[in-house]
Amino acid sequence: MDNCMEIIIASAAALIALCSLFVAVWQGYVSRKHARLSVMPHLDLHIAVSEQAPFIGLSLENNGLGTARIRDIKISKLTNNEATIVVDNNSGWHDLLNAFDIKQTGVSWASISTDEAIPSGNEHHFLSIDKTSTELSDLKDKLRAMVDQMLIRVEYESLYSERKTLEWQRTKS
């Protein structure tokens, strides 16, 4: 009888240990999932053409919870629904402005390099129009026309190397 009781106690202890192991593994899984979500970036394209805005131009804005690390950026001009890559990881800004007949006076751009980080709540202005330019009205009209014919594709990742893609194209309504 003593031997049977020892077997029951040992079996119960082993069962409790297995249950504890399962709970610990599950808790680790849930904790890791939560940690990944708590640092997930979310990039949006911000287009500003109003003179009341802090700037006039295009920017990438990180509205997520974590830092976004840029992996690739391509800006294409759409002609008859065919995309022609003009800017590929910072080369081609002159060509982009020339493709839309935008004079480079009064317009500036900032490169967005691969591995560049955009912290949560920040934005990176990559194309800006000088508000004091004498050709401000013309530049804003050309910016609107350019936005209507652009396809922007940005690949970025979180701190956990989870990749996401922002693909933006103006939809005609």
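Number 161 marks the last residue of the sequence shown (the numbering used here); no jumps.
Heads up, the beta-carbon is just placed ideally off N, CA and C, and yes, glycines get one too.
Let me check understanding here. Comparing Cα to Cα, which of the options lies closest to residue i?
i, options, result
"A41", "S26, I117 and E104", "I117"
"M138", "A2, I44, N68 and I58", "N68"
"Q92", "I100, N51, T72 and W81", "W81"
"I90", "S99, K119 and E123", "E123"
"A98", "L31, S79, N86 and Y17", "S79"
"T120", "I140, V142, M134 and V95", "V95"
"E150", "V18, A0 and H30", "H30"
"L84", "I(-4), A133 and E(-6)", "A133"
"K65", "A23, N51 and V135", "V135"
"A23", "L115, D(-10) and L53", "L53"
"Q157", "H34, A0 and N50", "H34"
"E49", "S125, A(-2) and H113", "H113"
"S146", "S125, S108, D126 and E155", "S108"
"D32", "N51, A1 and Y17", "N51"
"L115", "A5, V75 and M(-7)", "V75"
With respect to the beta strand (DSSP E) encompassing residue i, which residues constitute its N-terminal and C-terminal limits?
i, result
"N50", "I44 to N50"
"F114", "E111 to I117"
"H34", "L31 to A36"
"R151", "R151 to Q157"
Please report the Cβ distance between residue i and residue j, rounded to the nearest whole angstrom; I am assuming they are in contact, meaning their Cβ atoms lie under 8 Å.
i, j, result
"L44", "K130", "Reading the sequence as shown, one finds Ile at residue 44 and not Leu. With 8 Å as the limit, I44 and K130 do not qualify as a contact, their Cβ atoms being about 11 Å apart."
"Y148", "V27", "7 Å"
"R141", "K62", "5 Å"
Which residue marks the beginning of the alpha helix (DSSP H) containing residue i, and which one marks its end?
i, result
"A0", "D(-10) to L25"
Taking CB distances under 8 Å as the criterion, tell me whether residue i reaches chain C.
i, result
"A71", "Of the protein chains in this structure there is only one, and it is not chain C."
Item to complete: Please list the segments of the alpha helix (DSSP H) lying wholly inside the segment 117 to 148, counting only runs of 4 or more residues, in order along the chain.
Response: 124 to 136
Discussion item. Measuring CB atoms only, is the segment 97 to 106 touching the segment 54 to 62, in the sense that at least three cross pairs come out at less than 8 Å?
Written reply: yes
Practice prompt. May I have a chain-ordered list of the beta strand (DSSP E) segments no shorter than 3 residues that lie completely inside the segment 47 to 104?
Written response: 56 to 67, 70 to 76 and 95 to 97
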